[in-house]
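Start counting the sequence shown at 1315; every next residue gets the next number (our numbering). A virtual CB, placed ideally from N, CA and C, is assigned to each residue, including glycine. These numbers come from a predicted model, not from an experiment.
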Amino acid sequence: MNAINETNFKFNKQTAFYRGKVRDVYTIDHQYLVMIASDRISAFDVVLPKPIPHKGQVLNQIAAKFLAATADILPNWVLSTPDPSVTIGHACEPFKVEMVIRGYLSGHAWRTYREGGRLLCGVTLPEGLKENDKLPEPIITPTTKAAVGHDEDISREDILAKGIVSEKDYVQLEKYTRALFQRGTEIARERGLILVDTKYEFGKKDGQIYLIDEIHTPDSSRYFYAEGYEERQASGAAQKQLSKEFVRQWLMDNDFQGKDGQQVPEMTEEVISSISARYIELYEHITGEQFVYPEAGAVNERIQENVDQALTQIMA
């Protein structure tokens, strides 16, 4: 399978290039971004050594659908999705925080709670909760946005005290975060899913706040199957998930959590194929649509042609 590990394009009027953990981002004419969703995969803030075929397409197409479905809440950065793995949009100045919102005690929040922590990003968690319990109400637990290395938990109070985001903008980010989570929850419910937690990134352009990057994808969000949730909680069974947690769990089962001195376990062809299949399952369940495999052939040539055509139209 022809996976996209990294790209090295030279687009017309290209002014900058940035390679993130999983995305290659090209700045065009200082005002547009060409964001290519590679098939790289990261966990515990570490990029794993081998790409996962079709993962980038899955994330790009899920994000496109949810960005379109939330455009009435606030504007987003997207101008065009000319290729299964590519989105083109406005270049915005990103806020230096990620807005994480949690409706259930899972993942990082649960690991903190299990170790005795009852204060998460300035939010006090009640006693007596079990893993995957629904929280009394969704909580916002921001993180700093690290260019490299680990994102760090941060409280609302610290964000404002350090001037990372102005109070006026932060209040608006919280409102948008709650409205987006509510919309995502409603859409998930229609698909027989529970949106457990997710993160949003925002930026500014010409004084206007925009929703940027991906939203409600299995890389940025955690989903449970709604059917059987209550029964599994009552019996103490693990929840059936649609998220990247299965990748994290595989790594933890093989003694890797991104800590110094730990080695990434071997990614065999069987492991890679199984992860790819899970991502496609995620796509089909979250969207309710069948995954369309890209035509066989030279991926880079296809992307170059599709992006060139789109940029010509956008900049006309």
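- In this structure the stretch 1541-1552 does not lie against the stretch 1315-1329, because fewer than three pairs of beta carbons, one per stretch, are closer than 8 Å.
- Contiguous alpha helix (DSSP H) elements confined to the stretch 1532-1583 occur at 1543-1549, 1559-1567, taking only those with 4 or more residues.
- Counted as a single uninterrupted DSSP element, the beta strand (DSSP E) harbouring G1417 occupies residues 1411-1418.
- With respect to the C-alpha of K1518, the residue from T1395, P1389, V1339 having the closest C-alpha is P1389.
- The shortest C-alpha to C-alpha distance from A1351 to any of S1480, I1366, V1510, V1360 is the one to I1366.
- Distance from the Cα of L1565 is smallest, within the candidate group I1478, K1554, Q1577, for Q1577.
- Using a C-beta cut-off of 8 Å, the stretch 1417-1428 makes no contact with the stretch 1396-1405, since fewer than three inter-stretch Cβ pairs fall below that distance.
- Taking the Cα positions, G1521 is about 13 Å away from Q1486.
- Y1490 and V1479 have their C-alpha atoms spaced approximately 15 Å apart.
- Note on geometry: alpha-carbon atoms of I1594 and G1430 lie some 37 Å from one another.
- In this model, F1409 and L1525 are separated by some 10 Å (Cα to Cα).
- Inter-segment contact for the stretch 1550-1566 and the stretch 1328-1346 is absent: fewer than three beta-carbon pairs are separated by less than 8 Å.
- For K1324, there is no enclosing alpha helix (DSSP H), since its DSSP letter is neither H nor E.
- Assigned with DSSP and collapsed to three states, Q1522 falls in strand.
- Rounded to the nearest angstrom, the Cβ distance from P1532 to L1556 is 6 Å, consistent with a contact under 8 Å.
- For the stretch 1413-1494, the full-length alpha helix (DSSP H) segments reaching 4 residues or more read 1421-1428, 1470-1475 along the chain.
- About 6 Å separates the Cβ atoms of R1505 and I1600, confirming a contact at the 8 Å cut-off.
- Around the beta carbon of D1511, 16 or more other beta carbons sit within 10 angstroms, so the residue counts as buried.
- Annotation for A1377: the continuous alpha helix (DSSP H) segment containing it runs 1369-1383.
- Beta-carbon to beta-carbon, N1446 and Q1375 are separated by about 28 Å, too far to satisfy the 8 Å threshold.
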